[in-house]
Structure formats: C-alpha cells, structure tokens
Amino acid sequence: MTSPMKYNAIKLVSKVFKRKIAIRDWKCFHHFEEGVFLHGLLLYGNINEKTLDGPKQFSSFAKCTTIEEKLLALKPKNLDFVQAAGLPLTIETTYDGLERTGFSVGKLILVLGGVGGVGSLPACKTSVWCLKSRTATSSTRKLELMKSLGTDLTIDYTKEKFEDWQRNSM
0 MTSPMKYNAI KLVSKVFKRK IAIRDWKCFH HFEEGVFLHG LLLYGNINEK
50 TLDGPKQFSS FAKCTTIEEK LLALKPKNLD FVQAAGLPLT IETTYDGLER
100 TGFSVGKLIL VLGGVGGVGS LPACKTSVWC LKSRTATSST RKLELMKSLG
150 TDLTIDYTKE KFEDWQRNSM
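By numbering that gives the first Met the number 0, the letter at position 144 of the sequence shown is numbered 143, and the numbering carries on one by one without gaps.
Structural data, given as structure tokens:
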C-alpha cells in the first residue's frame with residue numbers, strides 16, 4: 000500500500016508528463032494503481048524554491064523528496080547530471096539580472112563574461128527578448144564561440160578598451 004505522502008509525490012511527477020508514473024529507480028515507490036512504469040526517468044530541477052518566509056526546509060540526506068511540478072524538467076540528453084544541475088540557478092540568475100536592469104524591446108545590453116554559464120544565456124536569450132546584445136569575452140580564443148551564440152557584437156577586451164567601445168556606440 001502506498002502512503003498518502005508517496006502517492007502525492009507520484010501524482011506531482013505524473014502531472015509533469017501527463018501520465019501515470021511509478022518511479023522504481025528512487026526505490027521509494029513500488030506501484031501507482033495500474034499506471035505505466037518508467038525506468039530511467041532523468042529529471043533536473045531546483046528544489047530550493049523560495050517561499051514567502053525564505054527557503055524551503057528539507058532534509059539533505061533524504062532518499063526521496065517531493066518536488067512541485069513547476070520546478071522539474073526533463074534533463075537535456077546532451078548534458079550530464081552535473082551540467083544539468085547547474086541550469087536552474089544559472090537560468091534564474093540570468094533572468095533576475097535582466098529583469099533588474101529594466102530591459103525592454105530594442106534595448107542594448109553589455110554582457111561581461113559572455114561565455115560563462117550566466118553570461119552565455121543572455122547572449123543567446125537577447126534575441127528572444129528582442130534585445131541587441133553587446134558582449135565582452137574573456138579571451139581571443141572564445142570570440143568564435145560568442146559569435147555562434149548569436150551576439151550582435153563581440154568584444155575582445157584583451158585588445159579593445161571598454162571605454163572606447165562605449166564612446167563609439169553612443
């Protein structure tokens with residue numbers, strides 16, 4: 000018999016994929032009514048979502064935890080677990096940074112460190128938000144990578160002074 004807490008956790012994960020699921024790999028759940036059993040379900044997410052009073056409290060050595068469906072996503076196939084584990088915080092930091100700047104359609108932005116985790120996301124995402132991206136890279140050898148991310152202009156700060164670029168762009 001599945002306990003109510005385990006049943007609710009399975010329901011949460013089931014909603015994400017819109018089908019009945021039992022997760023045997025977690026060794027917490029053994030069945031879910033007559034549902035489909037999926038083996039090797041690879042998810043990532045951020046279970047540390049903030050609440051009104053601060054971060055959620057949870058046990059760090061728990062074998063299982065319940066996670067709200069909005070905090071989960073399928074792990075991209077081209078990433079390993081370590082890379083996928085960094086995505087939620089990177090995405091949140093990027094979005095928060097752009098939101099704090101008061102970005103709007105057509106606005107120019109300068110992304111410092113544009114090939115790092117946080118820096119590379121706005122370089123890509125600026126086209127989604129109709130922004131023009133200005134990006135400083137960390138080295139000459141990373142210029143092509145910056146261009147492949149879709150930036151409008153790449154700056155090699157080892158060869159160009161930011162002040163000169165700023166005067167010329169205004």
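Just so it is clear, CB atoms sit at the ideal spot from N, CA and C, and this is done for glycine as well.
Chain-order list of residues whose beta-carbon lies under 8 Å from that of residue i (same chain, five-residue window excluded)
| i | result |
| --- | --- |
| Lys-74 | Leu-41, Leu-42, Tyr-43, Phe-80 and Ala-83 |
| Asn-45 | Leu-70, Pro-87, Leu-88 and Glu-91 |
Local Cβ density within 10 Å of residue i, reported as buried at 16 or more and exposed below that
| i | result |
| --- | --- |
| Leu-88 | exposed |
| Ser-119 | buried |
| Gly-113 | buried |
DSSP three-state assignment for residue i, whether helix, strand or coil
| i | result |
| --- | --- |
| Asp-95 | helix |
| Leu-148 | coil |
| Leu-78 | coil |
| Gly-118 | helix |
| Lys-141 | helix |
| Thr-100 | coil |
| Gly-85 | helix |
Straight-line Cα distance separating residue j from residue i
| i | j | result |
| --- | --- | --- |
| Ile-90 | Glu-143 | 23 Å |
| Ser-103 | Leu-97 | 9 Å |
| Met-145 | Thr-92 | 19 Å |
| Leu-107 | Leu-152 | 11 Å |
| Asn-77 | Glu-159 | 35 Å |
| Ala-72 | Leu-111 | 28 Å |
| Arg-99 | Asp-163 | 26 Å |
| Asp-95 | Val-117 | 11 Å |
| Leu-148 | Leu-109 | 14 Å |
| Thr-157 | Gly-115 | 17 Å |
Counterpart residues of residue i in DSSP-defined beta bridges
| i | result |
| --- | --- |
| Tyr-43 | Ala-72 |
| Asp-155 | Thr-136 |
Sequence-distant residues of its chain with Cβ nearer than 7 Å to residue i (five each side left out)
| i | result |
| --- | --- |
| Leu-86 | Tyr-43 |
| Asp-155 | Thr-136, Thr-139 and Leu-142 |
Cut-off 6 Å between Cβ atoms - residues of its own chain near residue i, not counting five sequence neighbours on either side
| i | result |
| --- | --- |
| Arg-23 | With a pLDDT of only 40 at Arg-23, under 50, the local geometry of the prediction cannot be trusted, and the value read off the model is given with reservation. Same-chain partners within the cutoff: there are none. |
| Gly-101 | none |
Interface flag, residue i vs chain C, CB-CB below 8 Å
| i | result |
| --- | --- |
| Glu-143 | This model lacks chain C altogether; it includes just one protein chain. |
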